[in-house]
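Numbering (our numbering), first residue to last: 2 to 81.
Following this line, the structure appears as structure tokens:
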């Protein structure tokens, strides 16, 4: 029982660490969009951020399909 809880805490800590490392990119992207757009197209510029994330997810799944499939299977089976 303790090993399961420890593994879940480790996974949570790794997830938070990765989120913290990658979260700095959001600020850079927002400031870049603010610098590149003017008042007439600022809303359109910021609407591209979710689209870029979605494209990244699709490309990431396409580049590493075997690793993604194995990760999903291991999560479903509870071996991660």
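Virtual Cβ for every residue (Gly too), placed ideally from N, Cα, C.
Remember, it's a predicted structure, so these values are computed and weren't measured experimentally.
When the beta-carbon positions are compared, residue 69 and residue 78 stay at least 7 Å from each other. Between residue 24 and residue 53, the alpha-carbon positions lie close to 15 Å from each other. One alpha carbon belongs to residue 11, the other to residue 39, and they sit about 44 Å apart. For the 7 Å CB-CB criterion, residue 34 and residue 21 do not form a contact.
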